[in-house]
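In mature numbering (1 follows the signal peptide of the UniProt record, and there is no 0), the protein residues as written are -25 to -1, 1 to 422. Ideal Cβ placement from N, Cα and C applies to all residues, glycine included.
Now the structure itself:
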């Protein structure tokens, strides 16, 4: 079984651990995508900045498409946007800063730049190098910035965490949102979800086959009482289903507001991440190669002794898991050298809140907790932030980087704190809750 965010559409051209320059890039002009890829980067219309139009630059650099935008009165500072997972397709696209940040940045005098990366799939290496490449291109074409702040979402958070360690001293601050800051442990969680569900339901299929989603998963869900479970509806889980839910809650961040409703919302999706193996798949195609549950201890461990009965799976690609090199699914050691402010949804079960806890522990182990501020937001969908939440985080990070004023955040690693009924209220947008936006009402109203 290999776990991937989407089905493989085709084999990618890059190996798992060999830099792109050693692959086929040396045979392709710098201003062209790699073989098999096309670029979709339509003209980006300038925006008005205090009554004047911005300047937009677009093109292809080192096999990746890019967008650069500079305000009329540039303050000499640059923001880099790292986009998230773009699927396994062969079309490269650029994503401007989201959550209203594009306009906010320009209004504040910041220029911004973003890369499509030279590769799709779960390729963090392409993101790390592509973001650095577009920053260097900006320096040549516009001017060397006096400050660089990197921000982005989801896989972009993995890119940010590794970028700070790959190029220490290059960036001045970071704002990862809904980020994969727990690196390879995300794929451990995907593996856990499927293997624990199989164990508790007594419906086993590992490695999975082509009938897993259509035949096996419905049997698993029926055996656990999950079939009719819906947010806001009755609790249909049986005793084993309740144990499964509790294990998932524990593995994704522990007891916390909205955990039960979020599980009901997400309960089907992690099953879709288990797919049959494809021989020769790269890490970008199949990042689950690094996943393992050999040493995982599951809680609660009753009524079923899951830790005794669950199937244990070794990492299919152990060298990739253990490597410290910049690979397509690299490790993050937790060594930021600049201020990092992160946002994460409490109920996100795709890139769960536990990613923040893992990163916080790694950073603390390296005695760098003073450089990390984390904020919990009471939402359940992946990357579900309001413009106000993201904008406030950006402004607070900018003040921290510029003036040294460390902003407030949430404690993420104390279970008693995370379990409080009002946890996540401090930095959640009350206007979004009042409007009933998205999944906000899956959480009780804040005091």
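Check	Outcome
Distance between residue 277 and residue 88 (C-alpha atoms, nearest Å)	51 Å
Nearest-angstrom Cβ-Cβ length linking residue 314 and residue 346, presumed shorter than 8 Å	6 Å
Status (buried if at least 16 other CB within 10 Å, exposed otherwise) for residue 368	buried
Beta strand (DSSP E) runs wholly inside the segment 11 to 63, at least 3 long, in chain order	30 to 36, 39 to 45 and 52 to 57
Cβ-Cβ distance between residue 196 and residue 176 below 9 Å	yes
Selection from 93, 62 and 24 that minimises the alpha carbon distance to residue 49	24
DSSP-derived helix/strand/coil call for residue 117	coil
Contact check, residue 109 vs residue 168, beta carbons under 9 Å	no
Residues near residue 45 by beta carbon distance below 7 Å, same chain, minus five either side	29, 30, 86 and 117
Sub-9 Å separation of residue 62 and residue 95 beta-carbons	yes
Candidates 332, 235 and 219, of which the one nearest residue 281 by Cα	219
Counted within 10 angstroms of its Cβ, other Cβ atoms place residue 36 as buried (16 or more) or exposed	buried
Backbone secondary structure at residue 125 - three-state DSSP	strand
Residues that residue 352 bridges to, as DSSP identifies them	320
Contact set for residue 344: own chain, Cβ-Cβ below 8 Å, skip 5 residues either direction	335 and 338
Rounded distance between the beta-carbons of residue 93 and residue 38, thought under 8 Å	4 Å
Rounded straight-line distance, which links the Cα of residue 164 to that of residue 422	33 Å
Among 359, 181, 57 and 91, the one whose alpha carbon lies nearest that of residue 12	91
Contact check, residue 200 vs residue 189, beta carbons under 9 Å	no
Cβ-based burial, residue 299 [other Cβ within 10 Å; buried from 16]	exposed
DSSP bridge partner residues for residue 75 (one or two, in chain order)	Answer is none; residue 75 lacks a bridge partner.
Inter-residue Cα distance where the pair is residue 262 and residue 162	7 Å
For residue 90, the first and last residue of its enclosing beta strand (DSSP E)	86 to 90
Residue burial classification, residue 286 (beta-carbon count within 10 angstroms, cutoff 16)	exposed
Extent of the continuous beta strand (DSSP E) to which residue 301 belongs	That residue, residue 301, is in no beta strand (DSSP E); it is neither H nor E in DSSP.
9 Å Cβ cutoff met for residue 356 and residue 413	yes
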